[in-house]
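Shown next, in structure tokens, is the structure this report addresses.
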Amino acid sequence: MSQDPKIIKRALSIKLYFEGPSDWTTRELIDIVDEYFMERLPVMINNALEPYGMEASILEDKTACEILGETPSCKNTLVIALYVAGTSKPAYYAIYRYRKGDNTYEFFLENLVQA
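Residue numbers (the UniProt record's numbering): 1 to 115.
Here you go:
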């Protein structure tokens, strides 16, 4: 089971982008997509990592700013800790760009950082 960062990064590559007119229907659609996607994301990530002997945990209390330091790109992110199955110390952090605006929704893998 390889934990090669290039392979892991490819396995975790998710891109969602939506942009529409700034009105209530667009905001409602973004809210529905976000709720559904965030509910399914842990399962998607863990299913992608399972063949490589890894598992993941979304870190709602950690920001990319804590991992990367204060950079312009550390805001609007979601951090996911990646573990070798059965261990408690993260091997990597997957940093996803996550922006939810009035008429824009954006989610994609921005960086994979060794812990």
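A virtual CB, placed ideally from N, CA and C, is assigned to each residue, including glycine.
| Query | Result |
| --- | --- |
| M54 burial status per 10 Å Cβ neighbour count (16 or more: buried) | buried |
| Assumed close pair T77, R97 - CB separation to whole angstroms, cut-off 8 Å | 6 Å |
| Reduced DSSP category for A64 - H, G, I as helix; E, B as strand; rest coil | helix |
| Buried versus exposed, by CB contacts within 10 Å (16 or more), L49 | buried |
| Residue closest to R27, alpha-carbon to alpha-carbon, out of D102, V113 and F107 | D102 |
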